[in-house]
Amino acid sequence: MGVISTDKNKITLIYNSDISLGKQTYSYVKSSDKDILAIDTSKTNITGTQWLEIADGLNLDISDLIQKEFPNYRKLYDPKVKLKPEDWIKIIQNHPEVVWFPILIMGNSFYLIKAPSDFINLTDADSADFSRKLS
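The sequence shown begins at 1 in this note's numbering and counts up by one.
Spelled out as structure tokens, the structure:
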């Protein structure tokens with residue numbers, strides 16, 4: 001069992017409200033009929049264990065959560081630097097803006113949101129799957 005609560009009737013959004021993509025995605029998500037837990041990383045700290053669980057849920061290495069070519073990261077660090085997982089966690093915890101893309105958790109599934117419309121596509125697919133289960 002992980003430390004991040006998952007529930008098929010709840011949507012968890014991990015985003016940064018200082019980033020336009022995060023704000024836009026939050027606007028889409030808050031219109032959902034499901035219960036929502038919105039975690040704004042610019043205001044709320046996420047533990048290292050939780051970041052590792054998120055990366056695992058996305059099938060990514062912890063370093064892959066960071067968009068190393070984006071200006072938010074490049075102004076702080078060399079994009080080619082090689083670090084240990086615990087160092088990447090420290091970077092994320094000290095500079096949450098380096099995690100550019102919002103993360104959506106629906107049920108036991110984790111998604112990296114690269115455009116706000118990704119949320120609509122995911123919920124449409126979820127609704128279609130739900131409709132098929134009723135038939």
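Glycine included, each C-beta is placed from N, C-alpha and C at the ideal position.
Since the model is a prediction, treat every value here as computed from it, not as a measurement.
Nearest candidate by alpha-carbon position, reference residue i, set the options
i: lysine 10; options: Pro116, Phe110, Ala115, Asp118; result: Phe110
i: phenylalanine 119; options: Tyr15, Thr47, Asp7; result: Tyr15
i: leucine 65; options: Asp18, Asp35, Ile91, Lys30; result: Ile91
i: glycine 48; options: Glu86, Ile113, Asn59, Leu60; result: Glu86
i: asparagine 45; options: Trp100, Asn94, Arg74, Asp124; result: Asn94
i: leucine 60; options: Val81, Ser27, Trp88; result: Trp88
Supposed close pair residue i, residue j - CB separation, criterion 8 Å
i: threonine 12; j: leucine 37; result: 5 Å
i: threonine 25; j: proline 116; result: 5 Å
Chain-order list of residues whose beta-carbon lies under 7 Å from that of residue i (same chain, five-residue window excluded)
i: proline 96; result: Asn16, Thr41, Ser42
i: asparagine 108; result: Thr6
i: proline 102; result: Leu13, Ile14, Tyr15, Leu21, Gly22, Thr25, Ile113
i: isoleucine 62; result: Trp51, Leu52, Ala55, Pro85, Trp88, Ile89
i: lysine 72; result: Here the sequence assigns asparagine to residue 72, which means lysine is not the residue at that position. Contacts found: Glu97, Val98, Trp100.
i: proline 79; result: Lys68, Glu69, Tyr73
DSSP beta-bridge partners of residue i
i: aspartate 35; result: Lys10
i: aspartate 40; result: Tyr15
i: phenylalanine 119; result: For phenylalanine 119, which the question treats as bridged, DSSP gives no partner whatsoever.
i: phenylalanine 70; result: DSSP, once it has assigned bridges, lists no residue as partnering phenylalanine 70.
Cβ-based neighbour list, residue i, same chain, cut-off 6 Å, excluding 5 preceding and 5 following
i: tryptophan 100; result: Gln67, Phe70
i: lysine 75; result: none
Cβ shell of residue i (< 8 Å), same chain only, five flanking positions each side left out
i: isoleucine 4; result: Thr12, Gln50, Glu53, Ile54, Gly57, Ile105
i: lysine 30; result: Ile36, Ala38
i: leucine 122; result: Leu104, Met106, Tyr111
Heavy atom of the ligand ATP within 7 Å of residue i beta-carbon
i: glutamine 67; result: Although the ligand ATP was asked about, the structure shown includes no ligands whatsoever.
Proximity test, Cβ basis, 8 Å: residue i and chain B
i: isoleucine 113; result: Any reference to chain B falls outside this structure, which holds one protein chain only.
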